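As structure tokens, the structure follows; a few thoughts come after it.
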Amino acid sequence: MAERAPDSGDDQGVDARAAREQVVRDRLTAGSARDAAAAAIVLYGGEVLGFLHAVARDEDLASEAFSVFSEDLLRGLAAFRWDASLRTWCYALARNALHRLRRDPRRRARNNVPLSNRSADVSAVVEQVRTQTLPFLRTEVKDELRRLRDALDPDDHALLVLRIDRKMSWRDIARALPGDDGQELDRRAATLRKRFERAKTMLRELATERGILPAS
Numbered sequence: 003m004a005e006r007a008p009d010s011g012d013d014q015g016v017d018a019r020a021a022r023e024q025v026v027r028d029r030l031t032a033g034s035a036r037d038a039a040a041a042a043i044v045l046y047g048g049e050v051l052g053f054l055h056a057v058a059r060d061e062d063l064a065s066e067a068f069s070v071f072s073e074d075l076l077r078g079l080a081a082f083r084w085d086a087s088l089r090t091w092c093y094a095l096a097r098n099a100l101h102r103l104r105r106d107p108r109r110r111a112r113n114n115v116p117l118s119n120r121s122a123d124v125s126a127v128v129e130q131v132r133t134q135t136l137p138f139l140r141t142e143v144k145d146e147l148r149r150l151r152d153a154l155d156p157d158d159h160a161l162l163v164l165r166i167d168r169k170m171s172w173r174d175i176a177r178a179l180p181g182d183d184g185q186e187l188d189r190r191a192a193t194l195r196k197r198f199e200r201a202k203t204m205l206r207e208l209a210t211e212r213g214i215l216p217a218s
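Note that my numbering has the sequence shown beginning at 3, numbered continuously upward.
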């Protein structure tokens with residue numbers, strides 16, 4: 003299953019995204035957190051799994067992080083305040099899930115109940131997204147620039163994926179990626195934008211060294 007086409011960076015596509023996310027909100031309003039979680043995973047699960055696959059650089063770790071992300075979404079969706087988009091929140095959940103697993107691989111086995119024990123319906127949706135997305139990711143053509151991205155610092159890599167591949171706005175990226183919680187959002191977005199430019203410069207230099215891009 004190809005990943006859902008992303009919205010454009012800042013304003014274009016916001017209304018369309020809000021309309022898609024309204025389905026999730028309506029199910030929450032109707033009192034069905036499980037149905038809402040299933041709808042959210044159908045909506046964004048494929049692209050979130052693709053993000054985890056790219057950033058984790060390990061299929062097993064990405065798959066485990068997707069399971070943890072799905073559990074966190076199921077537990078936390080009812081309390082989500084909608085002060086950011088659901089899409090942005092999903093990326094933040096996914097990033098946090100991967101970080102926790104990297105820090106302590108035993109965490110899920112010790113602290114989490116398998117998703118299938120929480121809701122068979124949501125578990126079925128998670129497995130469907132996984133089954134449909136992974137073959138696409140495994141067979142997707144990887145060009146040399148994408149391989150060079152893998153050599154970058156993981157946080158720089160995540161920043162490139164969210165901005166270039168996912169077309170997320172700088173404010174949404176600032177919400178999704180970890181950072182200084184005390185820093186004002188627009189200032190943090192500006193800091194991340196400068197870091198993005200440095201990462202792009204580094205990527206161009208690597209590509210030039212390998213003959214992928216011509217020397218300027």
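Positions of the beta carbon are idealized from the N, C-alpha and C atoms, including for glycine.
On a predicted model such as this, the values are computed, not experimentally measured, just so you know.
1. Where does the unbroken alpha helix (DSSP H) through methionine 204 begin, and where does it stop?
2. Would you check if there are 3 or more beta carbon pairs closer than 8 Å linking the stretch 52–65 to the stretch 87–105?
3. Can you give me the C-alpha to C-alpha distance between alanine 209 and leucine 150, rounded to a whole angstrom?
4. Apart from the five residues just before and just after serine 176, which ones in its own chain have a Cβ nearer than 7 Å to its Cβ?
5. When we look at the beta-carbon of methionine 170 and count the other beta-carbons within 10 Å, is it buried (16 or more) or exposed?
6. For a minimum of 4 consecutive residues, which ranges assigned as the alpha helix (DSSP H) are wholly contained in the stretch 64–89?
7. Between the Cα of valine 124 and the Cα atoms of Tyr93, Phe68, Asn98 and Leu147, which residue gives the shortest distance?
8. Going straight from the alpha carbon of leucine 154 to that of threonine 135, what length do you get?
9. Once you ignore the five residues that flank alanine 64 on each side, which residues in its own chain have a CB closer than 6 Å to its CB?
10. Check whether the Cβ atoms of valine 25 and valine 127 sit closer than 8 Å, and answer yes or no.
11. Quick check on this structure: which residue in Leu179, Pro137, Arg212 and Glu211 has the alpha carbon closest to the alpha carbon of arginine 197?
12. Secondary structure at serine 34, three-state DSSP: helix, strand or coil?
13. In this structure, does DSSP put serine 125 in helix, strand or coil?
14. Should arginine 132 and leucine 51 be called a contact, given that it needs their Cβ atoms to be closer than 8 Å?
15. Nearest-angstrom Cα distance between alanine 40 and glutamate 211?
16. With the cut-off set at 8 Å, would you say alanine 96 and phenylalanine 71 are in Cβ contact?
17. Can you tell me whether arginine 168 is helix, strand or coil according to DSSP?
18. Please confirm whether alanine 42 and leucine 79 have their CB atoms less than 8 Å apart.
19. Can you say whether tryptophan 172 is buried or exposed, counting buried as having 16 or more other CB atoms within 10 angstroms of its CB?
20. Three-state secondary structure (DSSP) at glycine 52?
For this structure:
1. 187–211
2. yes
3. 7 Å
4. Sequence check: residue 176 is alanine here, not serine. Cβ neighbours of alanine 176 within its own chain (closer than 7 Å, five residues either side excluded): Leu187, Arg190, Ala191 and Leu194.
5. buried
6. none
7. Across the set Tyr93, Phe68, Asn98 and Leu147, the C-alpha of Phe68 shows the shortest separation from the C-alpha of valine 124.
8. 25 Å
9. Leu54, His55 and Ala58
10. No, they are not a contact pair.
11. Leu179
12. coil
13. In the structure shown, serine 125 sits in a helix (DSSP, three-state: H, G or I).
14. yes
15. The straight-line gap from Cα to Cα measures roughly 46 Å.
16. yes
17. coil
18. yes
19. buried
20. In the three-state reduction of the DSSP assignment, glycine 52 falls in the helix class, which pools H, G and I.
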